[in-house]
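In the numbering used here, the protein residues as written are 79 to 323.
Glycine included, every Cβ here is placed at the ideal spot set by N, Cα and C.
Given the structure is predicted, the values throughout are model-derived calculations rather than measurements.
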Ligand SMILES: Nc1ncnc2c1ncn2[C@@H]1O[C@H](COP(=O)(O)OP(=O)(O)OP(=O)(O)O)[C@@H](O)[C@H]1O
């Protein structure tokens, strides 16, 4: 996955907000990247435009050799369904469906037959084998997020985008979900790009990318939760000083 010169401006001339001011980044296969930065720095916008959920104002995003802006709306939807998985803070499961039905939904939407062996492996990895007939409301928050991860994995996507996947979970449950994402990268070789505010969550990644004002201001191999927290605090202080001037 890579993005080049990615720009996003919301609104019209007088009230234009530059959410992304030209972002270049490569996310190698089988790596886990945490995207961090102050509120409003463009993290979600980066995720949305890189994943083809929203159109950038300028620049390009590629999944493998495919440049997203060249695709028709139909082909973009097909690509999103087959090559990209999404995990959100709010789980976004369908309450009327069972765990199994939620997990296979992306396959059904893309008209693919479920690969039974892969699905067994996915369900086993997320530890939900004995919960397949339950409804999401009968599960804990951590279990619901594991269903969402299994659903994201069902189509064997090349890249999984996570927006604050542990934002609604307690520390221990968050740790379990993050270990699961780590194992998806290490054992299944998938690429994970995760937006998070939490330095501990970011410490599970291989690399931490920090955005400020729609630009990458740090892009480093992950230095540990403490250093990440220090860097973010420094960035917050610098921003406050700039705003006060
Ligand atoms: N639909 C929109 N219309 C106008 N402005 C928007 C829209 N979506 C986002 N923005 C603006 O773009 C900038 C970046 O927003 P974005 O949601 O990407 O930031 P973020 O880093 O994910 O923030 P947070 O950590 O608070 O979720 C912000 O200034 C935001 O107000």
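Would you mind reading off the limits of the beta strand (DSSP E) that contains residue i?
i, result
"residue 299", "293-299"
"residue 111", "110-114"
Between which two residues does the alpha helix (DSSP H) holding residue i run?
i, result
"residue 80", "Premise fails: residue 80 lies in the beta strand (DSSP E), 80-88, not in any alpha helix (DSSP H)."
"residue 181", "177-187"
"residue 168", "Taken as a continuous stretch (DSSP letters only), residue 168 belongs to no alpha helix (DSSP H), as it is neither H nor E."
"residue 123", "121-128"
Run through DSSP, which three-state label would residue i get?
i, result
"residue 322", "helix"
"residue 201", "helix"
"residue 98", "strand"
"residue 152", "helix"
"residue 133", "coil"
"residue 139", "strand"
"residue 207", "helix"
"residue 173", "coil"
"residue 195", "helix"
"residue 118", "coil"
Quick one: what's got a C-beta closer than 7 Å to residue i's C-beta in the same chain, skipping five residues either side?
i, result
"residue 245", "167"
"residue 82", "102, 137, 138"
"residue 228", "181, 200, 201, 204, 206"
"residue 215", "173"
"residue 232", "181, 182, 184, 185, 197, 200"
Leaving aside the five residues before and after residue i along the sequence, list all residues of the same chain whose C-beta is less than 6 Å from its C-beta, in chain order.
i, result
"residue 293", "99"
"residue 217", "none"
"residue 95", "88, 89"
"residue 252", "244"
"residue 86", "97, 98, 123, 127, 134, 135"
"residue 145", "138"
Is the CB of residue i under 8 Å away from at least one CB in chain C?
i, result
"residue 88", "Of the protein chains in the structure, only one exists, and it is not chain C."
Give every residue of the same chain whose Cβ lies closer than 8 Å to the Cβ of residue i, excluding the five residues on either side of it in the sequence, and list them in chain order.
i, result
"residue 236", "79, 107, 141, 142, 161, 162, 268, 269"
"residue 176", "210, 211, 212, 213"
"residue 257", "282"
"residue 133", "127, 147"
"residue 255", "220, 223, 224, 227, 243, 244, 247"
Task: Ordered list of beta strand (DSSP E) runs contained in the region 226-307, each at least 3 residues - done: Counting only runs that start and end inside the region 226-307, the beta strand (DSSP E) elements of at least 3 residues fall at 237-241, 269-273, 285-290, 293-299.
TODO: Flag this pair as touching only if the region 130-147 and the region 155-164 have three or more C-beta atom pairs under 8 Å; answer yes or no.
DONE: Short answer: they touch.
Open item on the list: Does the region 124-133 come into contact with the region 173-192, if we say contact requires no fewer than three beta-carbon pairs (one atom in each stretch) closer than 8 Å?
Closed with: No: fewer than three Cβ pairs fall under 8 Å.
Open item on the list: For the pair the region 106-115 and the region 258-277, tell me if three or more CB-CB distances fall below 8 Å.
Closed with: The region 106-115 is in contact with the region 258-277.
- [ ] Count the CB pairs spanning the region 197-207 and the region 85-100 that are closer than 8 Å, and state whether there are at least three.
- [x] Counting Cβ pairs under 8 Å, fewer than three are found: no touch.
- [ ] Tell me, please, whether the region 293-313 touches the region 257-266 by the rule of three or more beta-carbon pairs shorter than 8 Å.
- [x] With a cut-off of 8 Å, the region 257-266 and the region 293-313 do not count as touching, because too few Cβ pairs lie within range.
Open item on the list: Considering only heavy atoms of ligand 3 and the C-beta of each residue, which residues fall inside 6 Å, strictly closer?
Closed with: By its list of ligands, the structure shown excludes ligand 3, since it contains just ligand 1.
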